[in-house]
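Colleague: Protein sequence lines correspond, in order, to chains A and B. Sequential numbering from 48 applies to the first sequence in the working numbering. Sequential numbering from 20 applies to the second sequence in the working numbering. Attaching a single structure in structure tokens format; questions to follow.
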Amino acid sequence: MAQLTLTDVRKSFGTLEVLKGIDLTIASGELVVFVGPSGCGKSTLLRLIAGLDTISAGTLDIGGQVVNDVPAAKRGIAMVFQSYALYPHMTVRRNMEFGLKMAGLPRPEIERRVMQTARMLKLDDYLDRLPRQLSGGQRQRVAIGRAITREPRVFLFDEPLSNLDAALRVATRVEIAALHERLPGATMVYVTLDQVEAMTLADRIVVMNAGRIEQVGTPMDLYHRPANLFVAQFIGSPAMNILPAVMEGRRPRIKEGGALHLGLRPEDLRPAAPGEDVVLSGHVTLVERLGEVTLVHLADATGRSLIAKLDGDVEVARGQQLDLTADPERLHLFDADGQRMLRPT
Amino acid sequence: MQTLIRHPARLPVILLLALHAVIVIYPLFWMITNSFKPTEEIYAASWSLPTVWMVENYAKAWRGGISAYFLNSVIVTGGTILLTLAISVLAAFGMVRAETAGAGRAAGLVLMACIGGMLVAPQVALVPLYKMMQVLRLQDTHWALILTYTAYRVPITILLVRAVFLAVPRDLDDCAHIDGCSSLQTLWHVYLPMSRSILLTASVLTAYHAWNEFLFAIIFIDSDRLKTIPSGLMNFRDALMTDWGVLVAGLVISAAPIIVLFIVAQRYFLSGFAAGAVKG
């Protein structure tokens, strides 16, 4: 159990500054997910917390102690890697024991922790197998088990599900969520590119871009109230449609050359009934039927690509002209700098 | 045979391999059969099987000094293997660490030095090495051979080991770091166990070189009691009356350990060599 506080944390490689001042507090027992595009610095930030790279400037505090100069093994952290990082020449049991042996724990304590964790993750039957004799999902469970045996103050997950197939990814995601429930005191930091993982697992999400934090908030906060255009387009799938707009009285209106940006989530759009206000219209360029929903790609009069997520059974065909509407409270408005404006009414 | 019918294009390859097998196996067969013959029979019927199998040739060779030469060869070969592996493993680990830490240019220089070291022929360095051994008072000691053999084996061993070390995932390094390993502990607990094949391969190649080396062995060692098998076998030749049966029995004793080593280590040897070949 530990609170994590980052104060103006910076990281440079030579003259290249990859983290440009990170300020963040993660409460004890919280599961925080870092998301962002490749190269945004989220994995670098995780490595700084782990102690695998040195912090160029700023302070990192774990449980009230500044740990900038504390070696990784003494920070009370455990890390689960994307590649599992299991020692291939050691059995599952030895993999789970290794860190504890290096820490000089007594033998009975090591055995107690390993057996307890193995039971918790249903790994009892695999303890004497080598990693290569396990499936991808089992290997990742061992990697998670190895982290648990350390009884760390902070768990770090570096894209732990990226190497798994779709079905295993869902199953392991559920296991991690269950693990968070079972270890309520454990602080967890989770890095991913997958926003479904972020939305489903996180107590709070940290959206990063180009070495900075764009927004920190609960998943629904980020979805409903994105702080800027980047977050608006990063959270949600398919991405939010952005159109130029101007204010007419208290209502925004789409207008070419307008200084403002109007955001419309694809799932908030629906075909306009006769007499209803048309928010946008265009001709259909592609229809993707996914069963539950249908993704309709449109091109408006200027040729701009838009996307709408409609009912699975909606009757729409390629080449058709389609008028769409949305509830006014579902519109998102951003100023010329891309920062969120108060929701228009 | 069925493979041949299905893939007739493989016939030349199979014939070539068969020819190579004959070239390798027949001298061994000749050596073993003649080691059981008296000298007269070797001259009279060199290609036939012995009429009487003279096992005492081996006893005579062993008593005639091979036992001491054998022990010297074991000491020199063992020392060379240990020293070569120790230096190469540390150097390769340092180079790999330097490359991942952004000091690739320094590691590149060491790599160039290794390749340069492989290009120096032993004969070229013979006289300077001899003088150096005199200055260091190492001439006529086992160290003269161990150090020289090590110097010649280290470059190729570094290249082989480095190629395998480069393939160790960076995440394992990080994981060991989080588990509390120092650099040397990471080397010991992670890199070395993962490189067993190439270490065994390097050991076999080093043993092969040190066990059979002749030039330095006859130049650097004068005392009969310190001689290794290749130079010691020279003593079995006599200007007037060489007992060829005993001499060939000595050759068999000399070759046997390396042949056995190759057979025992064959599986690891092949996989280690392949790993070194493709991951470099």
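Even glycine gets a Cβ: it sits at the ideal position worked out from N, Cα and C. Bear in mind the structure is a predicted one, so any value in this text is a computation, not a measurement.
1. Is it true that the segment 215-226 of chain B meets the segment 167-181 of chain B, where meeting means three or more beta-carbon pairs spaced less than 8 Å apart?
2. Does any C-beta atom of chain B lie closer than 7 Å to the C-beta of Leu99 of chain A?
3. Work out the CA separation of Tyr168 of chain B and Ile195 of chain A for me, nearest whole Å.
4. Using a Cβ-Cβ cutoff of 8 Å, what residues of the segment 196-209 of chain B are near chain A? List them in chain order.
5. For Thr119 of chain B, does the count of other Cβ atoms within 10 angstroms reach 16, so buried, or fall short, so exposed?
6. List, in chain order, every chain B residue whose beta-carbon is nearer than 9 Å to that of Phe202 of chain A.
7. Strictly under 7 Å for the Cβ-Cβ distance: is Leu191 of chain B near chain A by that measure?
8. Closer than 7 Å by beta-carbon distance: list the chain A residues that pair up with Pro212 of chain B, in chain order.
9. Return the residue from the list A:Gly83, A:Val334, A:Ile96 and A:Gly350 that minimises the CA-CA distance to Gly258 of chain A.
10. What is the C-beta distance between Ala190 of chain A and Val127 of chain A, in whole angstroms, given that I count them as a contact (C-beta under 8 Å)?
11. Mind checking if Met149 of chain A is an interface residue toward chain B, Cβ cutoff 7 Å exclusive?
12. Within 10 angstroms of the Cβ of Pro299 of chain A, are there 16 or more other Cβ atoms? Answer buried if so, exposed if not.
13. Please classify Gly295 of chain B as buried or exposed, where buried requires at least 16 neighbouring CB atoms within 10 angstroms.
14. Could you name the residues of the segment 54-69 of chain A whose beta carbon sits closer than 7 Å to any beta carbon of chain B, in the order they occur along the chain?
15. Quick check on the burial criterion: 16 or more other C-beta atoms within 10 angstroms. Buried or exposed for Trp72 of chain B?
16. Is Thr322 of chain B helix, strand or coil by DSSP?
17. In angstroms with no decimal places, state the Cα-to-Cα distance between Arg197 of chain A and Gly146 of chain A.
18. What residues match up with Ala274 of chain B in a beta bridge as DSSP calls it?
19. Could you spell out where the beta strand (DSSP E) holding Ser328 of chain A opens and where it closes?
20. Can you pull the chain A residues whose beta carbon is under 7 Å from the beta carbon of Cys194 of chain B, in chain order?
21. What is the C-beta distance between Thr99 of chain B and Ala229 of chain B, in whole angstroms, given that I count them as a contact (C-beta under 8 Å)?
22. Would you say Ala119 of chain A faces chain B, with C-beta separation under 7 Å as the test?
23. Below 6 Å CB to CB, which residues in the same chain sit around Ala174 of chain B once its five sequence neighbours on both sides are set aside?
24. Inspect the CB distances between the segment 311-319 of chain A and the segment 368-380 of chain A and report whether three or more fall short of 8 Å.
25. Taking 7 Å as the threshold (C-beta atoms), are Ala49 of chain A and Ile124 of chain A in contact?
26. Give the single residue among B:Ser92, B:Ser214 and B:Leu104 whose Cα lies nearest to the Cα of His161 of chain B.
27. What do you reckon, are the CB atoms on Ser75 of chain A and Thr234 of chain A nearer than 7 Å?
28. Any beta carbon of chain B sitting closer than 7 Å to that of Gly305 of chain A?
29. Which value, in whole angstroms, describes the spacing of the CA atoms of Ala37 of chain B and Ile277 of chain B?
30. Return no unless some Cβ of chain B is closer than 7 Å to the Cβ of Gly283 of chain A.
31. Applying a beta-carbon distance threshold of less than 7 Å, which residues of chain B neighbour Phe145 of chain A?
32. List the whole-angstrom C-beta distance separating Val254 of chain A from Leu269 of chain A, where the pair is believed to meet the contact cut-off of C-beta under 8 Å.
33. Is the separation between the beta-carbon of Val331 of chain A and that of Arg387 of chain A shorter than 7 Å?
34. Hey, is Pro249 of chain B's beta-carbon within less than 7 Å of any beta-carbon in chain A?
35. Count the other CB atoms, across all protein chains shown, that sit within 10 Å of the CB of Tyr302 of chain B; report buried if there are 16 or more and exposed otherwise.
36. Could you pull the start and end residues of the alpha helix (DSSP H) that Glu407 of chain A belongs to?
Modeller: A quick look at the data gives this:
1. yes
2. By 1-based counting over the first sequence, the position of residue 99 of chain A is 52. Output row for Leu99 of chain A: interface = yes.
3. Within the first sequence, residue 195 of chain A is the residue found at index 148, counting from 1. Within the second sequence, residue 168 of chain B is the residue found at index 149, counting from 1. Roughly 49 Å separates the two Cα atoms.
4. His196, Ile197, Asp198, Gly199, Cys200, Gln204, His208 and Val209
5. Position 100 of the second sequence holds residue 119 of chain B. Classification of Thr119 of chain B: exposed, given that the 10 Å Cβ count is below 16.
6. Translated into positions along the first sequence, residue 202 of chain A becomes position 155. Neighbours of Phe202 of chain A on chain B: none; closest Cβ ~12 Å, over 9 Å.
7. In the second sequence, counting from the first residue as 1, residue 191 of chain B sits at position 172. Taking Cβ atoms only, chain A reaches closer than 7 Å to Leu191 of chain B, which makes this a yes.
8. As a working note, residue 212 of chain B is residue 193 in the second sequence. Those within 7 Å of Pro212 of chain B in chain A are His136.
9. Here residue 258 of chain A refers to the residue found at position 211 of the first sequence. Checking every option, the nearest Cα to that of Gly258 of chain A belongs to A:Gly83.
10. For the purposes of this step, residue 190 of chain A is taken as the residue at position 143 of the first sequence. For the purposes of this step, residue 127 of chain A is taken as the residue at position 80 of the first sequence. The pair is a contact, with the Cβ atoms about 5 Å apart (cut-off 8 Å).
11. For the purposes of this step, residue 149 of chain A is taken as residue 102 along the first sequence, with counting starting at 1. With 7 Å as the cut-off, Met149 of chain A counts as an interface residue toward chain B.
12. The residue labelled residue 299 of chain A in the question sits at position 252 within the first sequence. Buried, because 16 or more other Cβ atoms sit within 10 Å of the Cβ of Pro299 of chain A.
13. Residue numbering aside, residue 295 of chain B sits at position 276 when the second sequence is read from its first letter. Residue placement at Gly295 of chain B is poorly supported in this model, since its pLDDT is 45, which falls under 50; the coordinates are not used for a value here.
14. none
15. Counting from one through the second sequence, the residue named residue 72 of chain B turns up at place 53. Flag for Trp72 of chain B reads exposed.
16. The structure shown does not extend to residue 322 of chain B, since chain B is modelled only from 20 to 299, so the question has no answer here.
17. Counting from one through the first sequence, the residue named residue 197 of chain A turns up at place 150. Counting from one through the first sequence, the residue named residue 146 of chain A turns up at place 99. So the alpha carbons of these two residues sit roughly 7 Å apart.
18. On the second sequence, residue 274 of chain B is found 255 positions in, with the first residue counted as 1. Ala274 of chain B pairs with nothing; no bridge assigned.
19. Residue mapping note: residue 328 of chain A aligns to position 281 of the first sequence, counting from 1. From DSSP, the beta strand (DSSP E) with Ser328 of chain A extends over Leu327 to Arg336.
20. By 1-based counting over the second sequence, the position of residue 194 of chain B is 175. The contacting residues are Phe128 and Ala132.
21. Locating residue 99 of chain B in the second sequence gives position 80, where the first residue counts as 1. Locating residue 229 of chain B in the second sequence gives position 210, where the first residue counts as 1. With a Cβ gap of about 4 Å, Thr99 of chain B and Ala229 of chain B count as contacting.
22. If you number the first sequence from 1, residue 119 of chain A lands on position 72. So yes, Ala119 of chain A belongs to the interface.
23. As a working note, residue 174 of chain B is residue 155 in the second sequence. Checking the sequence shown, residue 174 of chain B turns out to be Pro, not Ala. Result list for Pro174 of chain B: Cys133, Gly136 and Met137, in chain order.
24. yes
25. The residue labelled residue 124 of chain A in the question sits at position 77 within the first sequence. The residue labelled residue 49 of chain A in the question sits at position 2 within the first sequence. Cβ distance not < 7 Å, so Ile124 of chain A and Ala49 of chain A don't count as in contact.
26. To locate residue 161 of chain B, count along the second sequence from 1; it is residue 142. Nearest of B:Ser92, B:Ser214 and B:Leu104 to His161 of chain B, Cα basis: B:Ser92.
27. Along the first sequence, one-based indexing puts residue 75 of chain A at 28. Along the first sequence, one-based indexing puts residue 234 of chain A at 187. Contact flag set, yes.
28. For this step, residue 305 of chain A is matched to residue 258 along the first sequence. It does not: the Cβ of Gly305 of chain A has no partner Cβ on chain B nearer than 7 Å.
29. Residue numbering aside, residue 37 of chain B sits at position 18 when the second sequence is read from its first letter. Residue numbering aside, residue 277 of chain B sits at position 258 when the second sequence is read from its first letter. Straight-line Cα distance between these residues: approximately 22 Å.
30. If you number the first sequence from 1, residue 283 of chain A lands on position 236. No, because no Cβ of chain B sits closer than 7 Å to the Cβ of Gly283 of chain A.
31. The residue labelled residue 145 of chain A in the question sits at position 98 within the first sequence. Residues of chain B passing the Cβ test: Asp198.
32. The residue given as residue 254 of chain A occupies position 207 in the first sequence. The residue given as residue 269 of chain A occupies position 222 in the first sequence. Going by Cβ atoms, the distance from Val254 of chain A to Leu269 of chain A rounds to 7 Å, so yes, they are a contact pair.
33. Here residue 331 of chain A refers to the residue found at position 284 of the first sequence. Here residue 387 of chain A refers to the residue found at position 340 of the first sequence. Not a contact, by the Cβ cut-off of 7 Å.
34. Taking the second sequence and counting its residues from 1, one reaches residue 249 of chain B at position 230. It does not: the Cβ of Pro249 of chain B has no partner Cβ on chain A nearer than 7 Å.
35. Nothing can be reported for residue 302 of chain B, as the shown portion of chain B is limited to 20 through 299.
36. No answer is possible for residue 407 of chain A: the residues shown for chain A start at 48 and end at 392.
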